[in-house]
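Asks: One structure coming up, written as structure tokens, with questions to follow.
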Amino acid sequence: MKRKAVALYSGGLDSTLAIKLIQNQGIDVLAVHFYTGFCITETKRRRGEKKEDGSHYMNPALKYAAKYGFPLEIVDISDGYMDVILNPKYGYGANINPCIDCRIYMFKKAKEIMEEIGADFVISGEVLGQRPKSQKSIPLKIIERDSGLEGLILRPLSAKRLPPTIPEIKGWVDREKLEGIVGRSRKRQLQLAKELGIDEFESPAGGCCYLTDENYAYKYKETLQVEGKITQEDLTLFTVGRHFRLDSGTKVIVSRNEGENNFLYGFAKRYHFFEPLGKGPVAIAKPLHSDYLDEDEKQIIANIIARYSKTVDGKIDVKYNNEEIITGIPFDDETLNQWRISLWKSNQT
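Below you can see the structure in the form of structure tokens.
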């Protein structure tokens with residue numbers, strides 16, 4: 145009987161290697177890429193944003209699954225993910241990344257897929273000791289236990305340094321053909337990539353997850369401190385635009401590119417919406433204590449938009465809520481920075 149495995153697949157080198165090691169033992173592997181709503185590259189791809197060189201973002205899981213020839217399923221798990229972020233049983237990493245709870249959530253979803261397709265076990269590209277929060281031996285055991293997959297999570301890159309799993313004990317997988325990698329060095333992975341014919345892969349240096357990003361975490365903490373709560377929409381909006389907090393407590397988000405312009409248009413009916421009549425960014429605003437923006441706030445927002453727009457004679461007309469026209473005059477950076485929500489600003493104080 146031919147065995148099947150479900151692989152958690154990011155598109156990175158480690159998970160690609162893990163799949164290849166198992167495929168080479170004659171096991172069918174279905175790669176599963178979970179979309180949480182917080183993957184930087186996939187979020188930008190979905191918004192149609194472009195890189196600095198003008199090329200489009202591409203999901204690395206899609207790219208490398210196609211290149212190296214294994215089936216891939218992308219599964220959106222964002223609906224249930226907010227509770228993982230707001231109420232992590234095992235706490236956060238360096239920023240607001242609930243790494244252990246995140247892995248448990250993903251492995252639970254992988255277990256559902258495993259049972260649905262009649263697979264026998266789950267694999268991942270995790271490396272023992274590579275990440276301080278979620279890839280030490282105790283967290284790995286917690287993840288197995290809480291996901292309901294005890295003995296059924298095989299980590300091919302570190303298997304020889306971990307207790308034998310059911311697939312190894314039952315002989316579905318030859319443990320001797322697996323690896324015993326430990327720690328943060330990439331030397332063995334790079335060597336293994338050459339051996340397995342993997343000549344292109346995503347750099348591990350970038351962080352794919354917004355939740356590990358310091359600036360994202362700063363916006364999260366600032367909003368929680370000022371507004372006293374975080375909504376699902378807040379979590380989405382933290383990923384887009386330049387953020388400002390006016391003296392009144394009103395939150396302003398100004399787009400940075402065409403993709404973000406298009407994205408913020410989707411919020412035009414739920415927020416106060418500002419749009420330049422010339423070339424420039426759009427903005428949304430959310431008052432803290434009421435649904436009302438006073439005239440001073442409207443003018444400030446128009447001036448912020450002007451700062452990032454192509455002005456004519458030093459000014460630009462801005463349409464407010466598709467009705468009122470306000471003439472914006474660009475603020476200088478010193479004035480603008482008093483309202484800016486940024487980690488950079490906090491580090492200057």
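Taking the working numbering, the leading residue of the sequence shown gets 145, the next gets one more, and so forth. Ideal placement from N, C-alpha and C gives every residue a C-beta, glycine not left out. The model shown is predicted, which means the values in this text are computed figures rather than measured ones.
Does DSSP put Thr-471 in a helix, in a strand, or in coil?
Replies: The count along the sequence shown starts at 1 and reaches residue 471 at position 327. In this structure, Thr-471 counts as strand in the three-state DSSP scheme.
Asks: Tyr-409 and Lys-442 look like a contact to me (Cβ under 8 Å); what is the Cβ gap, rounded to whole Å?
Replies: Residue 409 sits at position 265 when you count from the first residue of the sequence shown. Residue 442 sits at position 298 when you count from the first residue of the sequence shown. Actually they do not touch by this definition, with Cβ atoms about 19 Å apart.
Asks: Could you check whether the region 350-368 touches the region 323-342, counting it as contact only if at least three pairs of C-beta atoms, one from each stretch, sit closer than 8 Å?
Replies: With a cut-off of 8 Å, the region 323-342 and the region 350-368 do not count as touching, because too few Cβ pairs lie within range.
Asks: How many Å lie between Ser-268 and Ala-412 at the Cα?
Replies: Counted from its first residue, the sequence shown places residue 268 at position 124. Counted from its first residue, the sequence shown places residue 412 at position 268. Each residue's alpha carbon lies about 41 Å from the other.
Asks: Measure the alpha-carbon distance for Ala-149 versus Leu-340 and round it to whole angstroms.
Replies: Taking the first residue of the sequence shown as 1, we reach residue 149 at position 5. Taking the first residue of the sequence shown as 1, we reach residue 340 at position 196. Taking the straight line from one Cα to the other gives about 19 Å.
Asks: Assign Tyr-362 to one of three DSSP states: helix, strand, or coil.
Replies: The residue you call residue 362 lines up with position 218 of the sequence shown. Correct three-state label for Tyr-362: helix.
Asks: Could you check whether Glu-193 and Asn-401 sit closer than 8 Å to each other, using their CB atoms as the reference points?
Replies: For the purposes of this step, residue 401 is taken as the residue at position 257 of the sequence shown. For the purposes of this step, residue 193 is taken as the residue at position 49 of the sequence shown. Result yes, Cβ atoms of Asn-401 and Glu-193 sit closer than 8 Å.
Asks: Asp-172 bridges to which residues according to DSSP?
Replies: Within the sequence shown, residue 172 is the residue found at index 28, counting from 1. Answer is Lys-148, bridged to Asp-172.
Asks: If we ignore side chains and look at the alpha-carbon of each, how far apart do Asp-478 and Arg-451 end up?
Replies: Along the sequence shown, read from residue 1 onward, the residue named residue 478 stands at position 334. Along the sequence shown, read from residue 1 onward, the residue named residue 451 stands at position 307. A small correction: the amino acid at residue 478 is Glu; Asp does not occupy that position in the sequence shown. Approximately 12 Å between the Cα atoms of the pair.
Asks: Ordered along the chain, which non-local residues of its own chain (more than five positions away) have a Cβ less than 7 Å from that of Val-176?
Replies: Start at 1 with the first residue of the sequence shown, and residue 176 comes out as number 32. The answer, listed in chain order, is Val-150, Ala-151, Leu-152, Tyr-153, Glu-217, Val-219, Ala-254, Ile-257.
Asks: Within its chain, find whatever has a CB closer than 7 Å to the CB of Leu-293; leave out the 5 residues flanking it on each side and keep chain order.
Replies: Residue 293 sits at position 149 when you count from the first residue of the sequence shown. Only Phe-251, Lys-255, Val-266 meet the Cβ criterion.
Asks: With a CB to CB cut of under 6 Å and the five nearest residues on each side skipped, what residues in its chain are close to Gln-507?
Replies: Because residue 507 is not part of the residues shown, which for the chain are 145 to 493, the question remains open.
Asks: When the Cα atoms are used, what is the spatial distance from Ile-485 to Ile-229?
Replies: Taking the sequence shown and counting its residues from 1, one reaches residue 485 at position 341. Taking the sequence shown and counting its residues from 1, one reaches residue 229 at position 85. One C-alpha to the other measures close to 21 Å.
Asks: Within 10 angstroms of its Cβ, does Gly-181 collect 16 or more other Cβ (buried), or is it exposed?
Replies: The residue you call residue 181 lines up with position 37 of the sequence shown. It counts as buried.
Asks: Is His-200 close to the ligand HEM? I mean its beta-carbon at under 7 Å from any heavy atom of the ligand.
Replies: By its list of ligands, the structure shown contains no ligand whatsoever, and the ligand HEM lies outside what it can speak to.
Asks: Starting from the C-beta of Ala-446, find all residues in its chain whose C-beta is less than 6 Å away, skip the five residues before and the five after it, and write them out in chain order.
Replies: Start at 1 with the first residue of the sequence shown, and residue 446 comes out as number 302. So the qualifying residues of the chain are Val-462, Ile-470, Gly-472.
Asks: Consult DSSP for Gly-403 and reduce its assignment to one of helix, strand or coil.
Replies: Here residue 403 refers to the residue found at position 259 of the sequence shown. Looking at Gly-403 - three-state DSSP - the assignment turns out to be helix.
Asks: Quick one: what does DSSP say Glu-196 is sitting in, helix, strand or coil?
Replies: One-based indexing of the sequence shown puts residue 196 at position 52. If DSSP states are grouped into helix, strand and coil, Glu-196 belongs with coil.
Asks: Okay, do the region 388-397 and the region 414-434 touch, 3+ Cβ pairs below 8 Å being the bar?
Replies: Flag = yes, the region 388-397 and the region 414-434 touch.
Asks: So the candidates are Arg-414, Pro-425, Leu-368; which of them puts its Cα closest to the Cα of Arg-386?
Replies: Within the sequence shown, residue 386 is the residue found at index 242, counting from 1. The shortest C-alpha separation from Arg-386 is found at Pro-425.
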